[in-house]
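Let me begin by presenting the structure, written as structure tokens, before commenting on it.
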Amino acid sequence: MNKEFKKKFFDNLSENKLIIIQHSFSFSPVNQLLNQIEKKHKNFDLSDKNVFKEINSLHRENYSSFFDSDLIIIHHAQLIHSLEELVLWCLQEQDKKTFVLFCSAIPTINEDLFSFFKTHQVFSSYHETFLNEIEIKGMQSAIKELKNILVFGSSISFTENKQREDFYETQLHILLNLLSLKDNKVNKKEKLIQILRYLSMKSGENCSYLEMGIACGLDNETAEKYIHLLKDYQVIIQLKSIFNEHRYEIKKGNSFYFYDNGFRNYLIQQFQLFEQRFDQDFLWRNWLIAEKYKINAESKYSFWLTHTKQKIEFIEENSRKSTSNAYIFQWDKRKVKKAPTSFLKYYPQTLLKVIHQSNFIPFLLEKN
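Residue numbers for the sequence shown follow the numbering used here, beginning at 33 and rising by one.
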């Protein structure tokens, strides 16, 4: 775990009445942090249906008596229906209670309140990233594991494919349970699995809700709703195409990637070693895009596509200048593709960069 994040957490624990930590459903910092909390505390896990029902039946006047400990830790707190009411009560309550809310998805909170939390360091997000690996293991050791990370993702610590499959089977079960609690209209879990498998096969391609719905036996609105849920739980990343009315540009394109390469490979049942893969460039691109999102989710990202199949797969807006960076990802720098001529013509101010094995660390560190 990142030392800076851990220090910030324990500093805030001693100073604040409320801490909100958002993390992906597949990796939680909870256990690593709780193991070092010496103060007596109570845990509530909303992935347990009984706890879910109990907390969601509470009224404001019952909060103080129900949460009867100086330190309250709530897991999957995004599932609390009256979350905004609870956090406001936490901030206004005069008791000496401290609440730590771990959210395995983006919590639904008023935008102004959310901004207040960020400004006052109440809210933070946590992801395990490759930069963390470098900090813990050193550059050389982390780089040595890179090919395995590209294939196995979060399951890299396992040595057998059966163990990896069991790990992701459990992750999928947890995800489906959380989604069904989050939205009781997610009552056809097999359809959600179909969506996931469809996305795993179509990752990186332009994909419409209409096509997705037809392939999975869903209407457009339901397909879109499932996509929003999967985004909230940081299972997938959605890029939208840029459109400035240039000739042949796609107007409303969508491209999807997975936060965890290993989860995508589990869905398509392919855990062959990197050297044996036909999709090396895709694994490289998916991983780099996911790492970029984990490190800096607040930047604006997109892609560019024409009806003639010319494509730039990743574009990042520079918030400090009126320019953007466009990226081509290539595992082997000797086989770099040329940028589409029409893109260079339409967007001459955009800086084009090729990211390969020799220069990807600066790409991850770069903040626009």
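Each residue gets a CB set at the ideal place from its N, CA and C atoms; glycine is no exception. Being a predicted model, the structure only gives us computed values, none of them experimental.
Can a CB atom of chain D be found closer than 8 Å to the CB of Ile-52? Reference to chain D is not applicable here, since this structure consists of a single protein chain.
Expected contact under 8 Å - CB spacing of Ile-274 and Ser-334 to nearest Å: Confirmed, about 5 Å.
Minimum length 3: unbroken beta strand (DSSP E) runs contained in the stretch 34-103: Complete beta strand (DSSP E) runs here, min 3: 50-55, 74-77.
Residue burial classification, Ile-246 (beta-carbon count within 10 angstroms, cutoff 16): Under this definition Ile-246 is an exposed residue.
Starting from Glu-348, trace the beta strand (DSSP E) in both directions and tell me its first and last residue. From DSSP, the beta strand (DSSP E) with Glu-348 extends over 343-349.
Spatial neighbours of Glu-197 within its chain, please: CB distance less than 7 Å, with the 5 preceding and 5 following residues excluded, ordered by chain position. Closer than 7 Å at the Cβ level, and outside the excluded window around Glu-197, lie Tyr-298.
Rounded C-alpha distance that separates Lys-40 from Ser-235: About 36 Å.
Lys-38 to Ile-69 span [Cα, whole Å]: Cα to Cα, the separation comes out at about 11 Å.
Rounded to a whole number of angstroms, what is the C-alpha to C-alpha distance between Leu-208 and Glu-125? Leu-208 and Glu-125: Cα-Cα distance of roughly 35 Å.
Per-residue DSSP class, three states only, for Tyr-291: Here Tyr-291 sits in coil by DSSP.
In the DSSP assignment, what residue or residues form a beta bridge with Val-132? Its beta-bridge partners are Ile-51, Ile-105.
Output needed for Asn-34: all residues of its chain with C-beta closer than 6 Å, excluding positions within five of it in sequence on either side, in chain order. The beta carbon of Asn-34 sits closer than 6 Å to the beta carbons of Asn-164 from its chain, once the five residues preceding and following it are set aside; these are given in chain order.
Tell me, which residues are paired with Asn-276 by DSSP? In the DSSP assignment, Asn-276 forms no beta bridge with any residue.
Going by alpha carbons, who is nearest to Leu-204 out of Cys-248, Gly-294, Met-171, Lys-179? The shortest Cα separation from Leu-204 among Cys-248, Gly-294, Met-171, Lys-179 belongs to Gly-294.
Could you tell me the distance, in whole angstroms, from the CA atom of Leu-65 to the CA atom of Ile-393? Taking the CA atoms as reference points, Leu-65 sits about 28 Å from Ile-393.
Which term fits Arg-296, buried or exposed, when burial requires 16 or more other beta carbons within 10 angstroms of its beta carbon? Taking all protein chains in view, the Cβ of Arg-296 is crowded by 16 or more other Cβ atoms within 10 Å, so the residue is classified as buried.
Just to confirm my understanding: we take Leu-250, look at its own chain, exclude 5 residues before and 5 after, and list those with CB closer than 7 Å. What are they? Taken in chain order, the residues that qualify are Lys-223.
Which of helix, strand or coil does DSSP assign to Lys-179? In this structure, Lys-179 counts as helix in the three-state DSSP scheme.
Helix, strand or coil for Ser-173 per DSSP? Under the three-state reduction of DSSP output, Ser-173 falls in the helix class.
Apart from the five residues just before and just after Lys-49, which ones in its own chain have a Cβ nearer than 8 Å to its Cβ? Excluding residues within five positions, the ones whose Cβ falls inside 8 Å are Cys-122, Leu-123, Glu-125, Lys-129, Thr-130, Phe-131.
In this structure, does DSSP put Ala-137 in helix, strand or coil? Here Ala-137 carries a coil assignment [DSSP, helix/strand/coil].
Whole angstroms is fine: what's the gap from Arg-279's alpha carbon to Phe-346's? Arg-279 and Phe-346 have their C-alpha atoms spaced approximately 20 Å apart.
With a Cβ-Cβ cutoff of 8 Å, do Lys-326 and Thr-161 count as a contact? With contacts defined by Cβ atoms closer than 8 Å, Lys-326 and Thr-161 form a contacting pair.
Suppose you measure from the CA of Leu-78 to the CA of Glu-86; what does that come to, to the nearest Å? Approximately 9 Å, taken between the alpha carbons.
Across the stretch 300-308 and the stretch 91-107, are there enough close Cβ pairs to call them in contact, namely three or more that are closer than 8 Å? With a cut-off of 8 Å, the stretch 91-107 and the stretch 300-308 do not count as touching, because too few Cβ pairs lie within range.
Could you tell me the alpha carbon to alpha carbon distance between Ile-381 and Phe-375, rounded to whole angstroms? Here residue 381 turns out to be Gln, not Ile, going by the sequence shown. Approximately 11 Å, taken between the alpha carbons.
Given this structure, state the Cα-to-Cα distance separating Trp-363 from Ile-387, to the nearest angstrom. Between Trp-363 and Ile-387, the alpha-carbon positions lie close to 8 Å from each other.
Simplified DSSP assignment, three categories, for Ala-371: Reduced to three states, the DSSP call for Ala-371 is coil.
Could you tell me the alpha carbon to alpha carbon distance between Ile-105 and His-113, rounded to whole angstroms? C-alpha separation (whole angstroms): 17 Å.
Measuring CA to CA, which of Lys-377, Ala-371, Thr-340, Leu-320 is closest to Gly-185? When only C-alpha atoms are compared, the closest one is Leu-320.
Which word fits Leu-242, buried or exposed, when buried means at least 16 other C-beta atoms lie within 10 angstroms of its C-beta? With fewer than 16 other Cβ atoms within 10 Å, it is exposed.
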